[in-house]
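Under this note's numbering, the residue at position 116 of the sequence shown is numbered 117, and the numbers go up by one with no gaps.
Yeah, the Cβ is synthetic: ideal placement off N, Cα and C, and Gly gets one too.
If you're wondering where the values come from, they're calculated on a predicted model, not measured in any experiment.
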Amino acid sequence: MATLNVEFFHDVICSFCYPMSYRMREISKAVPELNIIHRSFALAQSSDDLVMMFGSHEGAKKEIMNHWEHANENDTLHRFNIEGMKQESFLFPTSLVPLTAAKAAYLVGGDDLYWDAFDALQKGLFTDTRDVSNVEVVKDIIKTVNLDFDLWLKYFESGEALNAVEADFERVKTYGIRSVPSLVVEGKYLINGALDENYLIEVLKKKLAEKEQEHHLELVEEGPGGNACNFENGKWNCD
Numbered sequence: 002m003a004t005l006n007v008e009f010f011h012d013v014i015c016s017f018c019y020p021m022s023y024r025m026r027e028i029s030k031a032v033p034e035l036n037i038i039h040r041s042f043a044l045a046q047s048s049d050d051l052v053m054m055f056g057s058h059e060g061a062k063k064e065i066m067n068h069w070e071h072a073n074e075n076d077t078l079h080r081f082n083i084e085g086m087k088q089e090s091f092l093f094p095t096s097l098v099p100l101t102a103a104k105a106a107y108l109v110g111g112d113d114l115y116w117d118a119f120d121a122l123q124k125g126l127f128t129d130t131r132d133v134s135n136v137e138v139v140k141d142i143i144k145t146v147n148l149d150f151d152l153w154l155k156y157f158e159s160g161e162a163l164n165a166v167e168a169d170f171e172r173v174k175t176y177g178i179r180s181v182p183s184l185v186v187e188g189k190y191l192i193n194g195a196l197d198e199n200y201l202i203e204v205l206k207k208k209l210a211e212k213e214q215e216h217h218l219e220l221v222e223e224g225p226g227g228n229a230c231n232f233e234n235g236k237w238n239c240d
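Okay, structure coming up:
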């Protein structure tokens with residue numbers, strides 16, 4: 002049975018990545034042959050990026066709340082606490098701290114643990130309205146994930162996790178990815194956006210079938226003297 006490699010590019014602060022992550026978990030149940038590999042993408046590595054996009058860091062939240070409205074409509078479970086976030090006084094979070102936290106979880110226990118940490122951090126931001134660029138808040142959230150916290154902290158603080166995040170950024174450049182969520186299938190096919198679950202299942206099953214077909218040998222035209230013994234209906238049949 003073939004396995005289909007799917008790189009899932011996302012950012013903790015990306016509103017449409019929240020519904021997409023839930024959707025990908027459901028899709029992985031429908032298509033268990035998927036090997037989902039989590040990759041980092043930063044919408045805003047620093048406050049300067051938010052200033053460039055929105056005019057000021059302080060003004061970013063107002064515009065981003067409009068994004069949340071649309072993402073909440075896209076979300077199967079409608080989990081966005083928009084009014085709660087409007088009441089919060091902290092500036093809108095940036096990407097690097099939560100991405101590094103998720104990647105540290107990967108270094109502890111691979112992609113499955115990364116995914117658990119990523120989802121916990123996204124819930125922390127979009128549902129619980131917490132500042133996921135605050136290191137102490139991030140530590141508190143990570144403690145809810147079933148992992149070795151001391152080992153996680155070692156990777157988080159050592160720079161090893163940040164280096165792994167930056168390696169993902171280089172992959173983003175190589176692929177030319179400009180938006181998230183994005184899926185890269187087998188390093189060849191790009192799928193952008195938090196698309197419909199059934200549509201994604203159909204596309205991914207099609208790509209899986211194509212990959213399985215690649216492993217089948219194509220019989221060339223038989224030449225003269227091509228006698229052989231064939232196994233047919235449980236018996237050997239020799240020409």
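Three-state secondary structure (DSSP) of residue i
i      : result
Leu191 : strand
Arg26  : helix
Val185 : strand
Asn82  : coil
Leu97  : helix
Cys230 : strand
Val7   : strand
Cys239 : strand
Asn67  : helix
Ile143 : helix
Arg172 : helix
Ser48  : helix
Asn36  : strand
Ser41  : strand
Inter-residue spacing [alpha-carbon to alpha-carbon] between residue i and residue j
i      : j      : result
Phe170 : Ala210 : 30 Å
Lys155 : Leu114 : 16 Å
Val181 : Asp149 : 29 Å
Ser57  : Glu34  : 45 Å
His48  : Val204 : At residue 48 the sequence reads Ser, which differs from the His that was named. Approximately 37 Å, taken between the alpha carbons.
Gly177 : Phe42  : 12 Å
Thr175 : Val7   : 16 Å
Own chain partners of residue i with C-beta closer than 8 Å, once the 5 adjacent residues on each side are dropped
i      : result
Val98  : Val133, Ser134, Asn135, Val136, Val139
Asp112 : Ile37, Ile38, His39
Lys212 : Ala3, Leu5, Glu187
Cys18  : His11, Asp12, Gln123, Val181, Pro182, Ala195
Nearest candidate by alpha-carbon position, reference residue i, set the options
i      : options                        : result
Leu196 : Val7, Ile14, Arg24, Glu8       : Arg24
Leu108 : Lys207, Glu161, Arg131         : Glu161
Leu78  : Ser159, Phe127, Ala103, Asp141 : Phe127
Gln46  : Asn199, Met86, Leu163, Arg131  : Leu163
Contact set for residue i: own chain, Cβ-Cβ below 7 Å, skip 5 residues either direction
i      : result
Arg172 : Arg40
Cβ-based neighbour list, residue i, same chain, cut-off 6 Å, excluding 5 preceding and 5 following
i      : result
Asn234 : none
Self-check item: Three CB pairs or more closer than 8 Å across the segment 119 to 126 and the segment 14 to 22
Solution: yes
Exercise. Give a yes or no on contact between the segment 88 to 106 and the segment 70 to 77, applying the rule of three or more CB pairs nearer than 8 Å.
Key: no
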